[in-house]
Amino acid sequence: MDYVALISLKQTIERLLNSSYISITSPSIKILDSAYKEVNSLQENLKKLDRNSSSRETISALDGKLSQAVSNFEDVLETHVSNQFLKDENHPTSFSVDLQGLKTDIDFFRRAARTMKKAYVDGLRSSESEEDNDIYVRSDQGMIGLSDEFRVTIDRLRHWWEPEIQAVSLVGMAGIGKTTLSMEIFCDDFISEYFEFRAWVRVGPKRGIKDIFLGVIAEMKDNDEMRSLKGKRYLIVLDDVWDKKVWHEFKKLFPDGNTASRVLLTTRLEEVAHDASDPIRRITNVPFMDKEESWHLLRAKVFGDKPCPRSLEKAGKKIAENCEGLPLLIVTVADVLSKSKNKTPEYWKEVAERKNSVFKDANDQVSNVLFPSYNYLPQHLKACFLYIGVFPQNQEILVSTLVKLWGSERFLEPNWWNTLEDLSMSCVEDLVSRNLVIARQKSSTGRIKTCGLHSVFWHMCVGVAAKNKFFGVLNSRADGLSEEGMNSQLRLCVHNNVLFGIKDVYKSMEINCASTTRSLVCYGPPHQYQVPICFDLRLLRVLDALTIRFYEFPEKVLKLVQLRYLALTCNGNLPRLISKLWKLQFLIDMKELKHLQITGCNLPVPCDDRRLQNVVKLLDVSPQSCTLDILGRFPNLKKLGVQIEVEPNSVEPPLRFFDQISHLHFLESLKCVVVNPKCMSQVTDTPCSSAIFPPGLKKLSLSGFGYSWGYMRAISSLPNLEVLKLRCYAFQGAEWETREGEFVQLKFLLLEDTDLMKWRVDKGCFMQLQHLVIRHCYKLVEIPLGFNRSRNFNTIELVDCSPAAIGCAKKMMKESYHLKGYVHCSWENGNLKS
C-alpha cells in the first residue's frame, strides 16, 4: 500500500501548492517543496522495485511501514488545513494557510522517508529469485467437465500441416482447472503416441529460463536425448507461466526441425497467452463449471463411487452452486465434508447457508493458491483490486461507479496523455485480463460496463485489506466493537446499516476512526427510515450512503472539508453552503467538480458568469435546466442526461430543449428519458434536422418521446453517431424506412418496446453495424436480411419478439457462419445461442 499512500500525499501537496482556493505563505511553500521531493524520490525507488519481478518479497516485507508514516503526515497536513478553514464561520471563498507550525511533523516525515528509501535501495540490490511451491489440484476420479476444451486443445496440438514449432495456450483464473486439463492432455494415449518425446515443467512466477531448461533435461532419460530432439516431434508443457519472455527465450533454446513440435502453456494472464499463441486458433479459455458439473465433482470427491444419500442432495447441490463453478474451491469444500463425521441433512444445510465455518476455512485455504495473483500485481493495481472488496460479496458493480471512487481515493496518478477516467478503465481491463476480476456485462461500445469478484477473491481482498488497515468490513455488532479491527482504519465499509443505530458501535466509530478514516461506504440493504450515520469522521474523502434515506440534507456534511465524493438519498434542496466543499469532484460553484448527477431536479440559474471547465458529465437534469444560460457554464461537457417528467393532464405545449443542446460542441453522449410518457403522444419538440444535435455526437439514447419514424432523418444523418438506443416508444408507427447513405457510422442499434411492423432498409445503410438488439417488439414481421451483407455485422439478440422476427433471426444465423446470435422467448422458457 506504500505506493498508493505516496500518490495520495503527492496529490495532496500538489493541490495545496497549485490551488486557486488556498494561498500558502512563502516559508510554507519551501517546507512543502522539501517534502514533495522526498515523496518523488521514494516513488521512483518503488517503481524500480516493481519492474524487478524478483523483488516482490522485498516490497511485501516493507509494505505498510512507509504507508503508516505517509498517512500520518497527510492526516496532520489535512487536519491543519481543515481546522484553519472551519475557524472562519463565514466560509470564505479563499483563505491563507501557514504550515510553519507543522515543521516538526514535516522533519519527522523526511527522516522516516530517507530511512525507508535506504531500505528499498538495499532490497533492490539483494533481491534474489526463490523457488515457488508447486500447487495444483487433480481429481482422483479424473477430469470432470471441460470435454469440449479437451477435444479442441488436442486438435490444436496435432495440426501437422503447421510444421514449425507452435505454442498452444490454456488461460483462466487460478484454480479453474488449467493444470488438471493440461495433465489430462499430457497423459492422453493419442498424445503419448503422436509425440516422440514429452516433458512437463512447472514454471511459476519466479522461475527463470535456466531453471525451466534444467527441468526439461530432468525429464530426459540421458544427456544425449536433448541432442536427439532435433528431427523429433516433441511436446513440452510449461505449467503456470507468468512472463511472456519465457516463450521467446524457450524458442531460442529448443530446436525447431519443422516436425510440428508443440509447447502447451497454462497461464492466468491473457497477455502471456496472446503473446505466445494465435488468439483465434491456439488459445483455449478455460471456463467455470456449470451447476451440474459442480455437483458431479463435489459428489465424486465426497462419496467416490458410492451414491449420495437422497436426504443430502438438495443441500449438496446448493453447496456446489455456492462454489461458483471454481473446481479448486469445490474440491476443498468437498475435502472438509468428506472428512467430517457429521453427514446429517441439518449439518449440510448449515454449510449451504454459510452458517458454519466450512466455507470460511475453505476460502482461507484456497487463498494460498490465489494470493500470487494479487502479490505479483504492479503496485498501481494492488489498491485498485483490493478496493473492489468494499462492495458486498457477489455484487455486480458498475464500472463507472468504481472509476469515480478510485479517482476520489487517489489510487492512480493521471498524466498529460491519459485522463484519470481513461487510466481507470485501463486498470479495469488489465485486472480482467489477469483473471482477477470478472467482466459481467459489456456496453454497446464493447467496453466493460459491470464487473465483479469471484467469492474466493472477495474473501481474499477482505482478509488482505483488514491485515493492512486498508479497509474494514462491518457486518455485525462484533465487527463494530472490535478495537483491533476499527482502530486507525482508513476505510469503513458498512454492509449492515442497522449498526449505525447501535449506540456503542456508533461510539466506537467516533473514538477509533475519527482522525484516520478517509472513506465511509454504506452498501447494506436500503433503509426506508433514517439511521444516525456517523458524520464525525472529519477527514472523509468519500461518503457513499445512497442506501440510507435522509429526510433533509445533513448539515454535518458541510464540515467535511476534504470530501471529494458524495452520494446521498435525501428529500428537499441542497444547501447553498455545499459549494464551500472545495474538493468535491463528484454541485454549481465548485471548481473541482467533474460529475454531477441529480434525479430530475432543476439546476439553479448561476448568479455570476463563472464556467465549470472540469465538468464532463451532467446526468438526470430536468429539461428546464437545459437553457443556454445554464448549459453554457459547462463548455467541456461530454455526457448529458435529461430526465423528463410529464405532469398528469398537462395542457402545456411540447417541451423545447434540443435547440440548446446543439451548442455543446464537445458533447459525445446524450440520454433523454421521459419517465412517465403519455401513451401514444408527443411530449417534446420534434428534432427537425440534424443541426439540432452536436456534430460530434457518438451515442444517443431516447425513451418515451412518441415521435413518428419520419423524424428519424434528423438522427440518421448524424456523421459520427455510433450507438443508438430507442426504448419505450421513442418512435412509433407501423413502418420505418431507411434510405441509402443513412447511419453511415452506426455500430450498435437497440430497439425496445415499439409498435413497428415493417422495417425496410435500402442498400448502403448500416454498413458499419456490428450489433443489433431487438426486445419486446411483438408486431415486427421481419428483420431486414440485408444486414447479413455487411462484413462487420457479427451479433444479433432478440428477446420476446414475434415468431416471424425470431424466424428471420434464425435464418440469418444459419446463412452467416460468423454471426453470433441470442434468442430468448419467456413463454417458451428457453434460449437459443449460436
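Take 337 as the starting number for the sequence shown in this note's numbering and just add one per residue. Each residue gets a CB set at the ideal place from its N, CA and C atoms; glycine is no exception.
#### Entry: Beta carbon of L517 nearer than 8 Å to that of L506
In this structure, L506 lies closer than 8 Å to L517 by Cβ.
### Query
Among residues of its own chain, excluding the 5 on either side of D1098, which ones have a beta-carbon nearer than 6 Å to its beta-carbon?
Excluding positions up to five away in sequence, the list reads R1075, E1076.
### Task
Could you tell me the boundaries of the alpha helix (DSSP H) in which Y1158 lies?
For Y1158, no alpha helix (DSSP H) encloses it; the enclosing beta strand (DSSP E) starts and ends at 1156-1161.
### Query
By the 10 Å Cβ neighbour count, where 16 or more other Cβ atoms means buried, how is K542 classified, buried or exposed?
With 16 or more Cβ atoms within 10 Å of its Cβ, K542 is classed as buried.
### Query
Using CA coordinates, which residue listed in G1040, E1078, G1069, L756 is at the minimum distance from R1049?
The shortest C-alpha to C-alpha distance from R1049 to any of G1040, E1078, G1069, L756 is the one to E1078.
### Task
Take every Cβ of the segment 572-584, pair it with every Cβ of the segment 601-608, and state whether three or more of those distances are shorter than 8 Å.
The segment 572-584 vs the segment 601-608: in contact.
### Query
Between the C-alpha atoms of W1095 and A775, what's the straight-line distance to the nearest angstrom?
When rounded, the distance between both Cα atoms is 34 Å.
### Query
What does A535 pair with, by DSSP beta-bridge criteria?
DSSP output for A535 lists I572 as bridge partner(s).
### Query
Along the chain, which unbroken stretches of the alpha helix (DSSP H) at least 4 residues long are found entirely within the segment 809-868?
Taken in chain order, the complete alpha helix (DSSP H) segments of 4 or more residues contained in the segment 809-868 are 813-817, 819-822, 839-849.
### Task
Could you check the C-alpha separation between W1072 and G1046 for me, to the nearest Å?
As the crow flies, the alpha-carbon of W1072 is around 8 Å from that of G1046.
#### Entry: Under the three-state DSSP convention, the category R1125 falls into
Here R1125 sits in helix by DSSP.
### Message
Which of the three DSSP states is assigned to A596 in this structure?
### Response
Under the three-state reduction of DSSP output, A596 falls in the coil class, being neither helix nor strand.
### Query
Would you report the Cα separation of L619 and H610, rounded to the nearest angstrom?
It is worth fixing the name first, because residue 619 is Ile in this sequence and not Leu. Just so you know, the alpha carbons of I619 and H610 end up roughly 8 Å apart.
#### Entry: Residue of H999, A1066, P1055 minimising C-alpha distance to V1011
That would be A1066, whose Cα lies nearest to the Cα of V1011.
### Query
Which residues bound the beta strand (DSSP E) around E1133?
For E1133, the enclosing beta strand (DSSP E) stretches over residues 1131-1135.
### Message
On the CB-based measure, 16 or more other CB atoms within 10 Å of its CB, does K588 come out buried or exposed?
### Response
The residue in question, K588, is exposed, as its Cβ has fewer than 16 Cβ neighbours within 10 Å.
### Query
Should H999 go down as buried or exposed, given a rule of 16 or more other Cβ atoms within 10 Å for buried?
That one is exposed.
#### Entry: Continuous alpha helix (DSSP H) stretch holding Q949: start and end
Looking at the DSSP string, Q949 is not in any alpha helix (DSSP H), and its letter there is neither H nor E.
### Message
For S1212, which residues in the same chain have their Cβ closer than 7 Å to its Cβ, ignoring the five residues on either side in sequence?
### Response
In the structure as shown, the chain begins at 337 and stops at 1170. Residue 1212 is therefore absent and cannot be evaluated.
### Query
Hey, out of Q502, I480, I501, D547, whose CA is closest to K514's CA?
Put simply, of Q502, I480, I501, D547 the residue whose alpha carbon is nearest the alpha carbon of K514 is I480.
#### Entry: Where the alpha helix (DSSP H) through C763 begins and ends
756-769 is the span of the alpha helix (DSSP H), which, as asked, contains C763.
### Query
Is it a yes or a no for the segment 799-812 touching the segment 742-751, going by three-plus beta-carbon pairs under 8 Å?
Flag = no, the segment 799-812 and the segment 742-751 do not touch.
#### Entry: Best match in D880, Y887, F889, F707 for proximity to A903 [C-alpha to C-alpha]
Measuring from the Cα of A903, the nearest candidate turns out to be D880.
### Task
Would you kindly work out how many angstroms separate the C-alpha atoms of V667 and G661, rounded to a whole number?
Cα to Cα, the separation comes out at about 11 Å.
### Query
If you count every other CB in all the chains shown that lies within 10 Å of the CB of N658, and 16 or more means buried, which is it?
Classification for N658: buried.
### Message
How far does the alpha helix (DSSP H) with H716 in it extend, from its first residue to its last?
### Response
Note, H716: alpha helix (DSSP H), 715-723.
### Message
Only counting the same chain, and skipping five residues up and downstream in sequence, which positions put a Cβ closer than 6 Å to that of V608?
### Response
Taken in chain order, the residues that qualify are V577, K580.
### Message
Less than 8 Å between the beta carbons of L772 and V622, yes or no?
### Response
No, they are not a contact pair.
### Query
Using CA coordinates, which residue listed in K675, L826, S791, H632 is at the minimum distance from H719?
First, the residue type needs correcting, since residue 719 is Ala and not His in the sequence shown. Ranked by Cα distance from A719, the first of K675, L826, S791, H632 is L826.
### Query
In this structure, does DSSP put K580 in helix, strand or coil?
Note: K580 maps to coil in three-state DSSP.
### Query
Which residue spans inside the segment 1036-1120 form an unbroken alpha helix (DSSP H) run of at least 4?
Unbroken alpha helix (DSSP H) runs of no fewer than 4 residues, entirely contained in the segment 1036-1120, are found at 1049-1052, following chain order.
### Task
Take V829 as the anchor and find which of V841, F836, V857, M845 has the nearest alpha-carbon.
A quick correction: the sequence has Cys, not Val, at residue 829. Of the listed residues, the one whose Cα sits closest to C829 is V857.
### Task
Just the C-alpha distance for G1042 and Q898, rounded to the nearest angstrom, thanks.
C-alpha separation (whole angstroms): 46 Å.
### Task
Give the straight-line distance between the Cα atoms of Y472 and I521, rounded to the nearest whole angstrom.
For Y472, the predicted model reports a pLDDT of 43, less than 50, meaning its position is unreliable and no value from the coordinates is stated.
### Query
Where DSSP assigns a beta bridge to Q379, which residues make up the other side?
Bridge partners of Q379: none, in fact.
### Task
Check whether the segment 678-691 touches the segment 726-740, counting contact only when three or more Cβ pairs, one atom from each stretch, lie closer than 8 Å.
With the rule of 3 Cβ pairs closer than 8 Å, the segment 678-691 does not count as touching the segment 726-740.
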